[in-house]
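*Asks:*
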Amino acid sequence: MRKMTRKECVARLLLDYPHGITEGDIIKAYHFLNGRNEANRIEQLLGISLQRTTVEGITGSRYTRYAIGNKEDASKVLRYSNQLTAKRKGTPIHESTLSKFY
């Protein structure tokens with residue numbers, strides 16, 4: 090089995106955290122620099138709109154939190170993630186994941 094692609098990793102994070110992820114979350118989980126680029130690419134590729142919230146950190150720096158806005162978009166991300174997972178013969182994400190989204 091091959092390892093997950095960058096897009097698959099970020100898609101899974103978006104599905105695992107319905108309140109959103111930051112670039113820092115992507116770096117911590119997968120050690121990807123510029124993880125926000127993958128979130129933007131997924132958004133463009135699937136024709137969805139990620140919600141963006143600007144958050145201020147402890148040091149006063151600002152960063153963006155990316156979140157899936159609705160259940161329909163979450164379903165698109167889930168299908169996309171599972172397509173990538175199937176290509177590498179991995180374990181797909183179950184449809185029940187969508188219950189986290191409204």
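Here my numbering is used: the first residue of the sequence shown is 90, the next is one more, and so on.
Heads up, the beta-carbon is just placed ideally off N, CA and C, and yes, glycines get one too.
So the candidates are Ala118, Leu122, Glu161 and Thr143; which of them puts its Cα closest to the Cα of Glu132?
*Replies:* Ranking the options by Cα distance to Glu132, first place goes to Glu161.
*Asks:* In whole angstroms, what is the alpha-carbon distance linking Gly179 and Ile115?
*Replies:* In a straight line, the C-alpha of Gly179 is about 20 Å away from that of Ile115.
*Asks:* Using 9 Å as the threshold, is the C-beta distance between Val166 and Leu104 below it?
*Replies:* Yes, the Cβ-Cβ distance between Val166 and Leu104 is below 9 Å.
*Asks:* Would you report the Cα separation of Ser185 and Ser150, rounded to the nearest angstrom?
*Replies:* C-alpha separation (whole angstroms): 36 Å.
*Asks:* Do you know offhand how far Cys98's Cα is from Asn171's?
*Replies:* Between Cys98 and Asn171, the C-alpha separation is close to 11 Å.
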